[in-house]
Every structure is written in structure tokens, then in C-alpha cells.
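Going down the list, the sequences are from chains E and A.
Read in the working numbering, the first sequence has 986 at position 291, and its numbers run on one by one without any break.
Read in the working numbering, the second sequence has 828 at position 58, and its numbers run on one by one without any break.
Ideal Cβ placement from N, Cα and C applies to all residues, glycine included.
Reading through the C-alpha cells given below for one structure.
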Amino acid sequence: MKKLSYDIVVVGGGPAGMAAALEARKAGVEKILICERGGKLGGILEQCIHNGFGLQYFKEELTGPEYATRFSDQVEASDIDVKVNTMVMDIQEDKKVIAVNPEDGLFEVETKAVILAMGCRERTRESITIPGDRPSGVMCAGTAQRYVNINGYLPGKEIVILGSGDIGLIMARRMTLEGANVKGVLELMPYSTGLVRNKVQCLDDFGIPLYLSHTVTKIHGKNRVEGVSIAEVGPDRNPIPETEVFIPCDTLLLSVGLIPENELSKKVGVDLDRVTRGAVVDEKRRTNKDWIFACGNVLHVHDLVDNVTEESELAGRAAAGYIFGTYAPRKNPITVKPGNNIGYVVPQSIRYHDESQKVIRLYMRVRNPQENVTMEIKDDKGEVLAKFKKDIVEPGSMVNLALPTMKLTEDMKEITVSVAE
Amino acid sequence: MAKTNIICIRCPKGCHITVTHDDDRNIQSIEGFSCPRGEEYAKTEFTNPVRVFTSTVRVKGGDLDLLPVKTNGSIPKPMMMDAARESCRIEIEAPVKIGDVIQSNFCGTGIDLVAARNIKAI
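In C-alpha cells:
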């Protein structure tokens, strides 16, 4: 077996992996390897040909491939090594990464640190259990997006979409522009879970109806989808039988959530958060294994790639800091807890002193939409450390709050983030 | 007097704005916005709604079969389907560099259709 040696191995060459590798390189780490499963750098951005990326990070509106190119050009111009078509099979306790590709076969990389940037995958029909046969024509929206935008196949002509997440909305417009008839988007919740701008530009612009509090109750068809039964759901989110109607269609696209791909992380013993399904990390995006870092959608599912880039740069700098022994740990690690109406907060703890970091950004999702609220960060004695007014908070839009590090004391053990009651 | 409802997309709040206008679409009043950006959005969206168009075109001899493209400026919203039909007819030869003009004065809009990524020739 071929044996290689690097300072950092980055697993995944999407926006997270590229930003983390570039930032670690800037911080002085010399030998960096990116392992990418696909044939090219760029990750999911490759197939996200719509625009709207980079408004925060670059202050301009880019398409997915353009956003990815800004980083892949830099990686290609650098001395960071990239192996594409490369699948990481195992990350071992003894800091060895086992991977495989057609050129090197199975190979082993000895490393000092690992950055997890594997992204996420789509929830499937099986994870939401829709009754009916198993005809062709049922697929995840992101899979359809790849067929249309990369391979040039149209997956169907009469389309129903389940789930109003951003990928579902984007695909409603994309299928329409490619000549398909999108009959409607169904959403189980009483509110749209995607960004407002996507609802307006992808559905309203094309007169595609959005059915809130609706779901698919049955898939019809033996070899190919012939239609779906849909029904309204009650407050308990169970279908109301008397509202059930049949909609003829040949394709059902599912946009019903994303799951961080953490099989490698679990195997090496990285602790995962029950809510995010990503690693439990500190403010440096360091996991319970001090040499393993995580960033991007493998850590928690983001709405905006701009946030992924910022988080991954942080992880890249932190991995460099770990190799060079830069950061001094605090006397007590501070646990960050989600309070009232907060689903989760990343990072889950604060562990280090870092003079260069004036604020620590806490990323979170609320459980329920609310308007005109105050969000608070409190210490273990109930003292308010920081307060933020928000016109609107909703589960579909990640909130980030800047906690000034000067507010943290040596004795603190816990802080809580909540929407004030 | 008629009313048109517009949902603002300048921020996640999504204000429901009502534009009141006469039969010749002269604006009488704009209500329901909560910031100046919302008022400006409603005005543009009512008088001349525009969008950036993105799609793909076929590529010959490249390391990918499809090239993602975009209009390098906004085009009138009612032209989106025309733009989609036109982009289906285009086939180009690799290599392509990001920003290359694929079709100038796309659909007579005065705006160019440009490449949104690099494609190598194989």
C-alpha cells in the first residue's frame, strides 16, 4: 500500500474543504492534501447554476459554479495537493487516513490533523415513508438538479414537488425553464421552509402554487409514477382523510431535508449533536478529538454558502493553530446551551483564549417563527451578556449572533442563548 | 383604482407591500414596506420587474457536456421563458473560460449571455 505524509488532510473539496485548506495554507501549514470523491473541486456548487451566492462574502451575486471557481482557481494556483475521484474509507485513531482512487489504489496518509468537510446528503423517500409501489420517477430534488444541470437529462415532464426547502423551490423553477410542467410544491409545515426570495422568484414568478400544510399520502404507478395522492394535514401534521385528492404526474421530487454525512466521523469516535447530526465542536470547530476539525454542511446544514466559507476559514486557521500550538485553553470550557425557542447552537462550547478573536459568532436556528423579538445570551447566573433585536426569526434562516469575547470570564461554565419571552 | 400585491425579497422579513395604481399603471401609493429598500423594490418590481437568467448550454469536446451560463445583467421578467427556449438552441465548442461571452445581445435585451465556469477541451 502506498504511504504518504501530510500535515493536514481535508476530507471533501467543496466550498468548505477549499476554504479550510486555503486558510490553513495562509496560516503557514505547508503540506495539505484535499481528498475529493467527485471528479472535480466544487462540491454541490457545481450543480447550483442559479445565482444568489456570495452576497455576504463577495458583496456580489454569483452563480454556484462562479463562487466555486473563485476558490478552486486559488487552490489550483497554490501548492495544496488535490486528489479527485478519491474516497476516504477510514480515519484511524493513530492519525492515519485510508483512502482509495483509481490511480493510487488503496493508500494511507499519515497526518497531524484532519478537517472534516464532507457536506451532507438528501433525505430520501425511505426516510419519510410514503406508502405505495416503487415506480421510477421518485427522486430527491438535488439528484434531479444534477441530472438536469450536469448530465443534461430531464427527469420528467409532469412534476409534483414535496418540501418547500430551497432545493425544492429552485428545482420548481429549473424544471419549468426546461419545459416541464410543475403542478405544485407541497409543504407539511404551515410556513415555507425555504428563503423568501426563493419562494418569490421560483414559484410566484412562474405561477406555481405552494400548498402549505399538505403532504403526499400515496404514490401511484407500477413501473413509472402515474400520480400522487395528496392531503391537507391537521395541527398534529397527520393527513386529514377527507381532503385527499389524486394529482396525475410522472415525477415526484423530494426536498425533505438534508443529513450531514458523518459515517467517517462516527467511526473514529467523534461525538455528534443529536439535533444538528454534525460533530459537537468548540469555537475553533474542533471536535472531541483534538486533531479533528469539522466545518460546512457536515457540521450543520447551512442556508448560505457565505456562512460555510467563513466557518471553514475559521476551522482552517484553527487546524493550523493546533499544529503550531497557538491557542491556550481556558480554565473552564464554557458550554453553550440552546434556550427558549432555539433548536441548536454551534459551537456547543468555548474552550480557548484567543486575543485575535474579538467576537465569537454563535450560529443557531429557532424552532418556531416569531416577529419583533429580542435574542439574549446569558451567563450561568442569568446575567445578560449581549442582546439583539430581530424583526423576524424563522427556522429556514440561520441566525448568527456576535458574542464579544471580553464578556467571558474565567469562572464561567455555561452560557444560554434564547429568544426572550 | 387597482391594487397589486408584492412580496419584498430584499431581506428575509418578506414584507407584503401593496401598490395602488390607476388603469394606466401610474402609481398612486405604496404601502406595507418597513424600510426604504422595500419601497424602492416595490416600485421597480411594479414598473419593470427584472431577473438574472441562468441556465446551461451544450458543449462540444469539453470535459463537461453542459456549460452553466448567466445573463451578465438583469433582463425583463416576462422574457424568462423566451430566454430558456433560446439557450436550448445554443451549442458551443470547448474550451471555455469563465466570463466568456456566449451570445451578445441575448434575445435582443442588450445584455450578454456569459459562461459561469471554465471548461477544458479534451
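When secondary structure is reduced to three states using DSSP, D899(E) falls in the helix class. If you look at G747(E), you'll find it in the beta strand (DSSP E) that goes N746 to F748. A direct Cα-Cα distance of roughly 14 Å separates R932(E) from I825(E).
Close CB contacts of S1044(E) within its chain, under the 7 Å cut and outside five residues either way in sequence, are with D977, P1028, I1029, T1030 and V1031 (chain order). In this structure, DSSP gives F816(A) a helical state, which the three-state scheme calls helix. By the criterion of a C-beta distance shorter than 8 Å, L967(E) is surrounded in its chain by N957, S960, K961, G973, A974 and V975, once the five residues flanking it on both sides are discounted.
Residues of the stretch 1030-1062 of chain E with a C-beta atom less than 8 Å from some C-beta of chain A do not occur. The stretch 773-785 of chain E makes no contact with the stretch 851-870 of chain A; the number of CB pairs closer than 8 Å stays below 3.
Closer than 8 Å to the CB of D968(E) there is not a single CB belonging to chain A.
Proximity of chain A to G847(E) at the Cβ level (cut-off 9 Å) is accounted for by T826, R828, D835 and L836, in chain order. The beta carbons of V951(E) and R1060(E) sit no closer together than 8 Å.
Across the structure, P1099(E) and K1053(E) are spaced so that their CA atoms are roughly 6 Å apart.
Segment contact: the stretch 803-815 of chain E against the stretch 924-940 of chain E, fewer than three CB-CB distances shorter than 8 Å; contact not assigned.
At least one CB of chain E lies nearer than 8 Å to the CB of V822(A).
Contact annotation: in the stretch 728-746 of chain E, residues whose CB is within less than 7 Å of a CB in chain A are I744, H745 and N746.
Taken residue by residue, none of the stretch 944-965 of chain E has a beta-carbon sitting less than 8 Å from a beta-carbon on chain A.
Secondary structure at Y906(E): strand, using DSSP grouped into helix, strand and coil. About 18 Å separates the beta carbons of G1091(E) and T910(E), which is beyond the 8 Å limit, so they are not a contact pair. At a cut-off of 8 Å between C-beta atoms, L1096(E) does not count as an interface residue with respect to chain A. Linking G708(E) to L728(E) through their CA atoms gives a straight-line distance of about 10 Å.
Among the residues of chain E, those whose CB is under 7 Å from the CB of N888(A) are T764, following chain order. Taken in chain order, the whole beta strand (DSSP E) runs of length 3 or more contained in the stretch 847-893 of chain E are 853-857 and 876-882.
At a cut-off of 8 Å, the C-beta of G784(A) has a neighbouring C-beta in chain E. As DSSP reads the structure, I914(E) sits in a beta bridge with G827(E) and V923(E). Around the CB of V940(E), fewer than 16 other CB atoms lie within 10 Å, so the residue is classed as exposed. For a Cβ distance threshold of 8 Å, residue set D900 of chain E lies close to K847(A), ordered along the chain. Within the stretch 765-777 of chain E, no residue has a Cβ lying closer than 7 Å to any Cβ of chain A.
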